[in-house]
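Q: Numbering (our numbering), first residue to last: 1081 to 1215.
Below is the structure:
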């Protein structure tokens, strides 16, 4: 499942990254529902994470979450996955940091600009292996 999230995050980073605020919002499709230990409904998302779907006006207006028919009508619709957002932010910041460090290091070593970009891209390959090996 982690590899799927990594691949999907790589694809979604450009689409979900807001240049205005620097926030990431990755939407995932609802594949099912279950109740948590407090009997609140949790949407099961395609990424494997869960998202509560409470109807608590005025904070959350989700009348559809109250009934089985309402929940069924939202199968396949998208919700923002906060956990995927957190992972994407972590991945994006690590990418920026590693690429910048590799590019700057190459400059200090006297490597030409093209070579510096190659170092930055190599840093991304190492980073990808690191994130793929996460549990």
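Glycine included, each C-beta is placed from N, C-alpha and C at the ideal position. Predicted model, so just to flag it, every value in this text is computed and none were measured.
1. Tell me whether residue 1199 sits in a helix, a strand or coil according to DSSP, three-state version.
2. Given that a residue counts as buried once 16 or more other Cβ atoms are within 10 Å of its Cβ, and exposed if not, what is residue 1091?
3. From what residue to what residue does the beta strand (DSSP E) around residue 1130 run?
4. Strictly by DSSP, which residues pair up with residue 1140?
5. For residue 1158, name the three-state secondary structure that DSSP assigns.
6. Could you tell me whether the stretch 1129-1138 touches the stretch 1157-1166, using the rule of 3 or more Cβ pairs below 8 angstroms?
A: Let me spell this out:
1. Position 119 of the chain shown holds residue 1199. Note: residue 1199 maps to helix in three-state DSSP.
2. Numbered from its first residue, the chain shown carries residue 1091 at position 11. Only weak support is given to the placement of residue 1091: the predicted model assigns it a pLDDT of 47, under 50, and the value that follows is read from those uncertain coordinates. Residue 1091 is exposed by the Cβ-count criterion.
3. Counting from one through the chain shown, the residue named residue 1130 turns up at place 50. Its beta strand (DSSP E) spans residues 1130-1132.
4. The residue labelled residue 1140 in the question sits at position 60 within the chain shown. Residue 1140 is bridged to 1136.
5. Within the chain shown, numbered from 1, the residue matching residue 1158 stands at position 78. In the structure shown, residue 1158 sits in a strand (DSSP, three-state: E or B).
6. yes
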